[in-house]
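To start, the structure under review is shown below, and the notes come after it.
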Ligand code: X2X
């Protein structure tokens, strides 16, 4: 009698120990959908896949993430990504601040022309009080932001001629991302900007429906833009877009504390690796990627600080107009962080 009673007790104790884990695992989805705009071999795509891989490793396979590049989860319409994420249509994302800025106006900060002069300036924002403020804000919008990655400085390319002064852009048909600030910037420069998704941009470049575009060097190389008539590339560093690693809030809440911390650690590691990749080969010390582009027959214009100033002057009004939308206090905090960067 006694031993049976003990055995039942022991069984109950075992069940109590084991069941919460079992229940949690049973609640987990078989697959979590991770959205990105770009896939491999761009740094963005590498970063997304690395996050998925590290999540699997660090959760012992409990969380299985599959990356869907090409904004496939929103039928290619990248400016709908943030809404889909909030609604739970997308579980996770490595998203660009540009694509989310139609819904989160403060994220337009990074698209203010000539706000960030160099990589240290980007770090001063993302690793400082501004980055924290933006994460706190995102946390009120049904997502859990975990880490900052990087798409990078957006350099302008075209099929027509070298761009050295704003006058060279006059009437040029340029594809821009679907965020209104970009229309303002390129209109101010005298170009003829047209908004379209990245999915539509590539055929438009190939057929000559548009003359040019702007994207980071890693995208230029990864998407082989030299083969889409892009024979001129100007390094003007006018804007850089960070990437944000996020999880939908409900999905996050469905995970155990241990798994949440594993996903966070995976995001931080994947993001740090991704930023390093995004910056590789495009600096004064190592310009191997620029050499590769030139090797493909593309003429690169490197603006002098003096030449850069004329583009800055032409877009100053856009900076001021959009400061009101972003929030003057946030812009001021960003300018201070950049001025004090190490
Ligand atoms: O569409 C673009 O230009 C891209 C790929 O850079 C973004 O998603 C912001």
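Numbering (the numbering used here), first residue to last: 1257 to 1598.
The beta-carbon is built from N, C-alpha and C at its ideal position, and this holds for glycine as well.
| Asked | Found |
| --- | --- |
| Give the single residue among 1412, 1365, 1570 whose Cα lies nearest to the Cα of residue 1585. | 1365 |
| Using DSSP with H/G/I as helix, E/B as strand and the rest coil, what is residue 1349? | strand |
| According to the neighbour-count rule (16 or more other Cβ atoms, all chains shown, within 10 Å of its Cβ), is residue 1471 buried or exposed? | buried |
| Between residue 1471 and the ligand X2X, is the CB less than 6 Å from at least one heavy atom? | yes |
| With DSSP as the reference, label residue 1485 as helix, strand or coil. | coil |
| For residue 1447, which option in 1567, 1485, 1396 has the closest C-alpha, if you only look at C-alpha atoms? | 1567 |
| If we ignore side chains and look at the alpha-carbon of each, how far apart do residue 1489 and residue 1411 end up? | 7 Å |
| Just mark residue 1580 as buried or exposed, buried being the case when its beta carbon has 16 or more other beta carbons within 10 Å. | exposed |
| Say the cut is 6 Å; is the CB of residue 1404 nearer than that to a heavy atom of the ligand X2X? | no |
| Within 10 angstroms of its Cβ, does residue 1572 collect 16 or more other Cβ (buried), or is it exposed? | exposed |
| Under the rule that 16 or more other beta-carbon atoms within 10 Å means buried, what is residue 1526, buried or exposed? | buried |
| Whole angstroms are fine: how far does the CA of residue 1469 sit from the CA of residue 1480? | 13 Å |
| Starting from residue 1387, trace the beta strand (DSSP E) in both directions and tell me its first and last residue. | Segment 1385-1394 is the alpha helix (DSSP H) holding residue 1387; no beta strand (DSSP E) there. |
| By DSSP, does residue 1293 sit in helix, in strand, or in coil? | coil |
| Report yes if the C-beta of residue 1330 is less than 6 Å from at least one heavy atom of the ligand X2X; otherwise report no. | no |
| Smallest Cα separation from residue 1367: which of 1319, 1331, 1340, 1576? | 1576 |
| Tell me whether residue 1354, by its Cβ, gets closer than 6 Å to a heavy atom of the ligand X2X. | yes |
| For residue 1353, which residues from the same chain have a beta carbon less than 6 Å from its beta carbon, with the 5 sequence-adjacent residues on both sides left out? | 1363, 1366, 1497, 1498 |
| Count the CB pairs spanning the stretch 1319-1326 and the stretch 1295-1303 that are closer than 8 Å, and state whether there are at least three. | yes |
| Please check the pair residue 1564 and residue 1492, which I expect to be a contact at CB under 8 Å, by giving their CB distance rounded to whole angstroms. | 6 Å |
| Starting from the C-beta of residue 1589, find all residues in its chain whose C-beta is less than 8 Å away, skip the five residues before and the five after it, and write them out in chain order. | 1385, 1386, 1389 |
| Label residue 1432 either buried or exposed according to how many other C-beta atoms from any shown protein chain fall within 10 Å of its C-beta, with 16 as the threshold for buried. | buried |
| Quick one: what's got a C-beta closer than 6 Å to residue 1380's C-beta in the same chain, skipping five residues either side? | 1593, 1594, 1597 |
| By DSSP, does residue 1494 sit in helix, in strand, or in coil? | coil |
| Starting from residue 1303, follow the beta strand (DSSP E) in both directions and report where the run begins and ends. | It is not in any beta strand (DSSP E) - residue 1303 instead sits in the alpha helix (DSSP H) that spans 1299-1314. |
| Taking contact to mean at least 3 C-beta pairs separated by less than 8 Å, is the stretch 1437-1453 in contact with the stretch 1411-1429? | yes |
| Mind checking whether residue 1535 and residue 1375 have CB atoms under 7 Å apart? | yes |
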